[in-house]
Amino acid sequence: MAFLLPAFLLLIFGYGVTLDAHDVPVALVIDHPDAVTASFSGKLAHSPYFSPRAFATIGTAEKAMADHEVTAIVWLREDFTRKVLSAGAAPLGVIVNGMDANSARIIEGYLQQVWMNWIEARAAERATPPPLPVAVQPTIRFNPAVSSRDYLIPGLIAMIMTLTGALLTALVMAREWERGTLEALMVTRATIREILIAKLLPYFLLGMGGMAASVAMAVALFHVPFHGSLAVLTGTSALFLLAALGMGLLISSLARNQFVAGQIAIITTYLPAFILSGFIFDIGSMPAPVRVVTHVVPARYFVSILQTVFLAGDVWAVILPNALALAAMAAIFLGVARMGARKRLD
Amino acid sequence: MWHQVFALIVKELLAVLKDRKSRMVLIGPPLIQLMVFGYAATFDLDHVPIAIYDEDPSAASRDLIARFTGAPVFQEVASLPSAHDIDALIDARRVAMVLSIGRNFTRDLLRHRPARVQVIVDGRNSNTALLILGYANSIIADFDQAWMRDHGRPPLPAVLDMRARYNPSLSSQWFIVPGIVAVLTQVVVLLVIGLSVAREREAGTFDQLLVTPMRQIDILLGKGLPGLLIGGIEASVIILAAILWFHVPLRGSLPALYLGLFLFIAAVVGIGLMISSLAVTQQQALLGAFLFMVPSITLSDFATPIANMPPLIQDLTQVNPMRHFLAVVRGVFLEGATLSSLWSHYWPMALVAAASLAAAGWLFRKRAS
C-alpha cells in the first residue's frame, strides 16, 4: 500500500496536472481579408500555442465562444488594413473567455508575443528601424522551457508524501487505540518512547521507500531535471516524514477511533497540502492572515525544498530555514503525541 | 413503505446530528476551509518582490522603473549596485524577478536602436514566472508607446485591444470560489455516507438492516436521502457565502444550478454507498473514499484546466461527476447559463448516479444473501 498509493497518485497527477496551454482554439474573424491581415493570421497559425479557426462574422464567433468551442476571439475589423497603412495604431481586437482567469492571462501573454513578432517581422521586411524602442530579453531561470510539469511534480511528491505519511499512520495507530493493543503494550516493561519508535519505524521506512519510488518516477518517467544532491534530498525527506508521521500519530491519539481519525486526516492533510503549500498557488500573493496559516502546513516547507533541490540545486539559503522549520514541526508533533500517549494511560 | 423510509431517514439524521464529533466534522471545517481557501486559492499576483539593477541611471530609466514600482503587482525590495547579486537573490527566493536596464539604454532609445532591458524571472514556479513576464511585458509596452508619442516617432501599425468576457477584471476568486462549492460538497457528502454505513458496521446493525422486510430501494433511499439533504444545505450555505461574502456574480438561473447540485449529490451518494458496500473494514472504506476523492478533484478543472491534459485523460474526466458539476456551477455563476444550455453536463451526472446507485443496491443484496 505504501508503495502503490504514491505511485498511483503520481501517475494520475503527473499526467493530469499541467498549466501549460497549447493549441488553444481561437476564433479568427477578419472582416476584410487581404495581404496585411494574411501576414498576421500566418503568425497566429504559426504559434504552437494557438490553433485558429476562421469565422465569417463576429456574431458567429461570439456564439462559438459561448458554446465553449473557442477560448478567445481575435477580430481584425473592416478598416484594419487602411489604418495599418495610414495613421497606424489600428485596434487589434481580442476577446478572451475570462472565466478561468489564470488561463485567460496566460493566453493574453501568448497573444502579446504573436503581436510583437508580427510587428517586428513587418519592420524587418521593410528594412525600417525596430518599431519597439525597448528590446526585452526574458530569462527564465531553472526552467527555460517554462514547463509547468517540472515545477508541479516536485510539489506533488510533497503532497503525496503528506497524504500517505499522515493518513496511513493516523489510520493504523487509531486502530491500535481502538482495540486497546497499545495499552496492552504499555503495561509491559517497554517505555512509551520505545513503543512509539517501534510502531513508527516501519512506516518511516515505508515512507522513505515510497519517496524513493516517487523521485525515481519523476526523473525517469516525467523527465524532471534533478540538480541537487541525493544527500540533501534524503535528509530533508526524513525530516518531513517525521513531521508527517508525527501529525498522523497526533491525529490518532486525539481521535480515538479509526473513522474520525480518517476524517480528520483527510480534512487536515489533503486540501491544505493542495491549496496552502505553494504547490500550485503562490504563497506570496495570498493575503497576510492566510500566509500566517500556511506556516502550520508542513508540506509548505517541503514543497519549497523539493522545487529548489530538483530545479535549482542545493541552495542553502532556501534549504536551511525550511529544514529547520520541518525539524521543529516534527519535534512538536511527536512530543505532543507522546505526551498524549502518556496521559491516556491514566 | 413510505413511513419506513421516513423513519430510517429521521434515524440517520438524528444519528449524524447527535454525535458531537460528526457534527463538528460537518459544520466547522467546511466553513473554515471556505474562508481560508477562498482567499488562499488565487493565481492573481500581488506585491511580487523584485530587484532592480539600473546600469544607466537617467530620466528614461527612472520613468521605466517608476512604472514597475508603481504597479500594485510588484514591490521593489532591493536596488542592486552590481550584476553580482542577481543570481544569488533569485536562488534564495528573496526576489522573484530582477529588472536589469542595459548600459546604453537612453543612448539606444534616442538613436532608434533596440534599448536592452533584461527581465530575469525565477522559473521554479513556471506559472508565476509566465504571469510575471506577462505583466513586465505589458508595463514595457506601455512605456514604449509613451516614449514613441513623446518623441514624435510614428505609432505602431496595430495595437492590442484586449478584453475578457464573463470576468472582466480576471479575478481568480470568481473562478475558484464557485469551484469550492463543488469540492466541499463532495467531501461532506462522502463523509456523511461513509460515517452512516461505518457506524452500522461497528454496531453490527447493518446486517440486521439487510434482513428486515425493507426492500433494497428503501434502504438506499433511507441511507441516501440524509446525504442529499445535508449536502444540499451545506452547498446552499457555501453558495450564499460566494454571493454575499465573496461577491461572485450569480448571472444564470437558480433552478439550473440546483438541478445540477441534485444530480451531483446523487452521483456522489451512489459512489459513497458503493465504496462502503465493497469495503470489508473501515480502513478500506476510508482509503476507498480517499482514492476516489483525490483524483476526482485533481481531474475536475478545479485548479488545472482539463483542456491542457492529454486526450486520453480528457476522455476519462467525462465519468467524473465533479467535472460536470464544476461546469454547471461556473456556467451558472459567471456565464449566465440556463437549464437548456447545460444538458451536456446533466446527463453524464445522471448516468453516474443511476449506475452507482444500482450497483450499490445490487451489492447490498449480495451481502444480505
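Protein chains in written order, with the working numbering: chain U, 1 to 346; chain V, 347 to 715. Backbone N, C-alpha and C define an ideal beta-carbon position, used for all residues, glycine too.
Asked                                                                                                                   : Found
Neighbour-count burial assignment, Phe383(V), 16 or more Cβ in a 10 Å radius                                            : buried
Under 8 Å from the C-beta of Ala312(U): neighbouring residues of chain V                                                : Asp437, Arg470
Beta-bridge pairing of Tyr399(V) - partner residues as DSSP gives them                                                  : Ser446(V)
Own chain residues within Cβ distance below 7 Å of Leu555(V), not counting five before or after                         : Glu546, Ile565
Closer than 9 Å to chain U by CB, Glu681(V)                                                                             : yes
Per-residue contacts from Ile179(U) into chain V (C-beta, under 7 Å)                                                    : The question names Ile, yet the displayed sequence has Arg at residue 179(U). Correct list: empty, because the minimum Cβ distance to chain V is about 12 Å.
Through-space distance from Gly109(U) to Ala45(U), alpha-carbon basis                                                   : 16 Å
Pair within 9 Å by beta-carbon distance, Leu241(U) and Met211(U)                                                        : yes
The alpha helix (DSSP H) enclosing Pro138(U), as first and last residue numbers                                         : From DSSP, Pro138(U) is part of no alpha helix (DSSP H) but of the beta strand (DSSP E) over 134-141.
Beta-carbon neighbours of Ile58(U), restricted to chain V and to distances below 9 Å                                    : Those do not exist, as Ile58(U) stays about 12 Å from chain V at its closest Cβ, beyond 9 Å.
Residues near Leu5(U) by beta carbon distance below 7 Å, same chain, minus five either side                             : Thr164
Of the listed residues Asp490(V), Val543(V), Arg470(V), nearest to Phe279(U) (C-alpha basis)                            : Arg470(V)
Sufficient close CB pairs (3 or more, under 8 Å) joining the segment 71-90 of chain U to the segment 497-507 of chain V : yes
Contact set for Val94(U): own chain, Cβ-Cβ below 8 Å, skip 5 residues either direction                                  : Ala72, Ile73, Val74, Trp75, Glu108, Leu111
Buried/exposed call for Trp520(V), threshold 16 Cβ in 10 Å                                                              : buried
Partner residues on chain V for Glu108(U), Cβ-Cβ distance less than 9 Å                                                 : Gly480, Ser484, Leu506, Met508, Ala510, Leu516
Positions along the segment 488-504 of chain V whose CB lies within less than 7 Å of some CB in chain U                 : Phe489, Asp490, Trp493, Met494, Pro500, Pro501, Leu502, Pro503, Ala504
Contact belief for Leu685(V) with Ser623(V) at Cβ below 8 Å, rounded distance in angstroms                              : Actually they do not touch by this definition, with Cβ atoms about 33 Å apart.
Whole runs of the alpha helix (DSSP H) within the segment 223-271 of chain U, excluding any shorter than 4 residues     : 230-255, 258-265
Buried/exposed call for Glu183(U), threshold 16 Cβ in 10 Å                                                              : exposed
Per-residue DSSP class, three states only, for Ser147(U)                                                                : coil
For Asp468(V), the residue or residues it bridges with in DSSP                                                          : Arg141(U)
The segment 347-358 of chain V / the segment 458-478 of chain V touching (three or more Cβ pairs under 8 Å)             : no
Secondary structure of Leu596(V), DSSP reduced to three states                                                          : coil
Partner residues on chain V for Ser148(U), Cβ-Cβ distance less than 8 Å                                                 : Ser472, Asn473
Presumed contact (8 Å Cβ cut-off) between Leu9(U) and Val665(V), rounded CB distance                                    : So it is not a contact: roughly 19 Å between Cβ atoms.
Against chain V: residues of the segment 7-18 of chain U by CB proximity under 8 Å                                      : Phe8, Leu9, Ile12, Phe13, Tyr15, Gly16, Val17, Thr18
Closer than 9 Å to chain U by CB, Thr644(V)                                                                             : yes
Range covered by the alpha helix (DSSP H) that runs through Met286(U)                                                   : First-last for Met286(U): undefined, no H or E at that position.
Simplified DSSP state of Pro91(U), which is helix, strand or coil                                                       : strand
Option in Thr139(U), Ile140(U), Leu249(U), Ala135(U) with minimal Cα separation from Ile485(V)                          : Ala135(U)
When Arg509(V), Leu688(V), Met620(V), Tyr399(V) are compared against Gly98(U), the one with the closest alpha-carbon    : Arg509(V)
Own chain residues within Cβ distance below 8 Å of Ala123(U), not counting five before or after                         : Pro129, Pro130, Pro131
Burial state of Ser428(V), where buried means 16 or more other Cβ atoms lie within 10 Å                                 : exposed
8 Å Cβ shell around Gly570(V) - same chain, five flanking residues per side excluded                                    : Ile539, Ala612, Val615, Gly616, Leu619, Leu703
Buried/exposed call for Glu194(U), threshold 16 Cβ in 10 Å                                                              : exposed
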